[in-house]
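Undergrad: Protein sequences, first through last, are from chains A and B. This note's numbering puts the first sequence at residues 1 to 268. This note's numbering puts the second sequence at residues 1001 to 1102. Glycine included, each C-beta is placed from N, C-alpha and C at the ideal position.
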Amino acid sequence: MGRVIVITSGKGGVGKTTLTANLGTALARLGRSVAVVDADFGLRNLDLLLGLENRVVYTALEVIAGECRLEQALVKDKRTPNLSLLPAAQTRNKTAVNPEQMRQLMEKLAGSYDYVLIDCPAGIEQGFRNAIAGATEALLVTTPEVAAVRDADRVVGLLEAAGISSIQLIVNRLRPDMVTAGQMMAVEDVVEVLAIPLVGMIPEDREVIVSTNKGEPMVLAARPSPAAQAIQRIARRLEGEVVEFPKLAGLGESFWEKARRFLSQKVF
Amino acid sequence: MLLEFLDQLFPRSPGGSREQAKQRLKFILAHDRANLSPAALESMRLEILGVVSRYVELDSEGMQFHLTVEGSTTALIANLPIRRVKPLAAAELDPSAKGQPD
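(1) In chain B, which residues lie with their C-beta within 7 Å of the C-beta of residue 154/A?
(2) Going by DSSP, name the residue or residues bridged to residue 84/A.
(3) Helix, strand or coil for residue 114/A, going by three-state DSSP, please let me know.
(4) Just reading off the beta strand (DSSP E) that residue 166/A is part of, what are its end residues?
(5) To the nearest angstrom, report how far apart residue 22/A and residue 219/A are at their CA atoms.
(6) Are the beta-carbon atoms belonging to residue 158/A and residue 9/A less than 8 Å from one another?
(7) Where does residue 1097/B fall in DSSP's three states?
(8) Measuring CB atoms only, is the region 10-17 of chain A touching the region 86-101 of chain A, in the sense that at least three cross pairs come out at less than 8 Å?
(9) When the distance is taken between beta carbons, is residue 131/A closer than 8 Å to residue 39/A?
(10) My parser needs the alpha helix (DSSP H) runs of 4 or more residues fully inside the region 1016-1059 of chain B; what are they?
(11) Using the three-state DSSP reduction, which class does residue 128/A fall into: helix, strand or coil?
(12) Taking the beta carbon of residue 194/A as the centre, do at least 16 other beta carbons fall within 10 Å, making it buried, or is it exposed?
(13) Do three or more CB pairs link the region 174-188 of chain A to the region 207-219 of chain A at distances below 8 Å?
(14) Assuming the contact rule is C-beta atoms closer than 8 Å, residue 20/A and residue 36/A should be a hit. Round their C-beta distance to whole Å, please.
(15) When you compare the CB of residue 1028/B with every CB in chain A, is at least one pair closer than 8 Å?
(16) Between 257/A, 78/A, 229/A, 168/A, which lies nearest to residue 246/A when the distance is taken from Cα to Cα?
(17) I need the DSSP call for residue 160/A, collapsed to helix, strand or coil.
(18) How about the region 76-83 of chain A and the region 160-172 of chain A: do they share at least three Cβ pairs that are nearer than 8 Å?
(19) Cβ of residue 1053/B less than 8 Å from any chain A Cβ?
(20) How is residue 268/A classed by DSSP in three states: helix, strand or coil?
(21) Could you tell me which of 173/A, 4/A, 88/A sits nearest to residue 142/A, measuring between CA atoms?
(22) Any idea which residues DSSP pairs residue 137/A with across the strands?
(23) Of all the residues that make up the region 234-247 of chain A, which are near chain B by a beta-carbon distance shorter than 7 Å?
(24) Does residue 232/A get closer than 8 Å to chain C when you measure Cβ to Cβ?
(25) If you scan the region 213-242 of chain A from start to end, which runs of the alpha helix (DSSP H) of 4 or more residues do you find wholly inside it?
(26) Taking the alpha-carbon positions, what's the residue 136/A to residue 4/A distance?
(27) When the Cα atoms are used, what is the spatial distance from residue 1025/B to residue 73/A?
(28) Take residue 216/A and list the residues in its own chain whose beta-carbon comes closer than 7 Å to its own, dropping the five residues that flank it on each side.
(29) Closer than 6 Å by C-beta to residue 90/A: which residues in its own chain qualify, once you throw out the five before and the five after it? Chain order, please.
(30) Is the CB of residue 1072/B under 8 Å away from at least one CB in chain A?
(31) So which residues of chain B does residue 150/A contact, with C-beta pairs closer than 8 Å?
(32) Give me whichever residues DSSP pairs with residue 1085/B in a beta bridge.
(33) Since residue 1052/B and residue 1080/B should fall inside the 8 Å C-beta cutoff, what is the C-beta to C-beta distance between them, to a whole number of angstroms?
(34) For my contact list, residue 138/A and residue 105/A are in at a C-beta cut-off of 8 Å; report their separation, rounded to the angstrom.
(35) Counting only the same chain and skipping the five closest in sequence on each side, list residues whose C-beta sits under 7 Å from that of residue 124/A.
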């Protein structure tokens, strides 16, 4: 049986979907079979970030309703063998499915994939309950901002109440310059406050917007940007490898990377 | 631009917003986790003050009474500065050592 991991945060806009798309791709590139599941019924976006929006025929909803087979709904990513997407329905809302149906569906996926990554919708209502129903592990994404951390803490309580005890923290959108200047909470501050083991720290990275525009996960880049490298490290940690956390200063772009970007924009 | 650059070169003292964010979070998370209504907290505060005041005279100026988080535990922090110990206290605690009868 594969690992069923929900990627959740409470607050919206902290990077759940981007992380799901890139972490799924990174794990697949490590040779694992991965299914990424969009659990955001009514507001689906995972297909867009993976650049698979034109290939969606059926969704999880039709599978649950018995209108198609699971294999028919799964969209295989041609750039990344081993990676499949189970899209959410865009037309219906979050009450179209219930937790028990989701649990059965995830169990089925776990039978044929090493990893099932579930992209959880924001909030703690029905959509959240559906998304966590089949999961046995959680990756909690937050940014170093008070509102995001507060919501994350609330989610920890709900996950534990639902029997998901393996919860690991990812601090996203760090700005090393601001942390150094004492103007942003550092990763250790967030870890201390939430008391959850850390599995990743990802810097704010302009490449995220560029890769989203193109529908191309940034971990596929020939020269992965700082955020892409950070996500690749998370994938290796999930695989059980001990990967050191880089120092704050090493998390962002190096001087040479900055220089290269500057030159490629301004000169060529 | 120049100011930002200087800020980075010479980080500000721990009074920066980083520390503020952390302290505010510790406070709000403790209250979220405890799920204790403000009214319940206030009534607890009054009762505790009542008990303590029987023994010592408190300085209401620097008094603190709030919840905070330390790791995964929530703690009630009560800082009650004592102005002076009431003479009655010694008598109540140890009847054999009483100086004056009632």
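TA: Based on what the coordinates show:
(1) 1032
(2) 35/A, 76/A
(3) coil
(4) 166-174
(5) 6 Å
(6) no
(7) For residue 1097/B, the pLDDT reaches just 47, beneath the cut-off of 50, and the residue's location in the model is therefore unreliable, leaving the point undetermined.
(8) no
(9) yes
(10) 1017-1034, 1038-1055
(11) helix
(12) buried
(13) no
(14) 6 Å
(15) yes
(16) 229/A
(17) helix
(18) no
(19) no
(20) Low per-residue confidence applies at residue 268/A: pLDDT is 49, beneath 50, and the placement is therefore not dependable, though the value from the model is reported in the following sentence. The answer is coil: DSSP assigns residue 268/A none of H, G, I, E or B.
(21) 173/A
(22) 5/A, 166/A
(23) none
(24) Structure shown: chain C not included; protein chains present are A and B.
(25) 226-238
(26) 6 Å
(27) 43 Å
(28) 51
(29) 44
(30) yes
(31) 1025, 1028, 1029, 1032
(32) 1056/B
(33) 6 Å
(34) Between residue 105/A and residue 138/A the Cβ distance is about 18 Å, and since that is not below 8 Å, they are no contact.
(35) 10, 154, 155, 158
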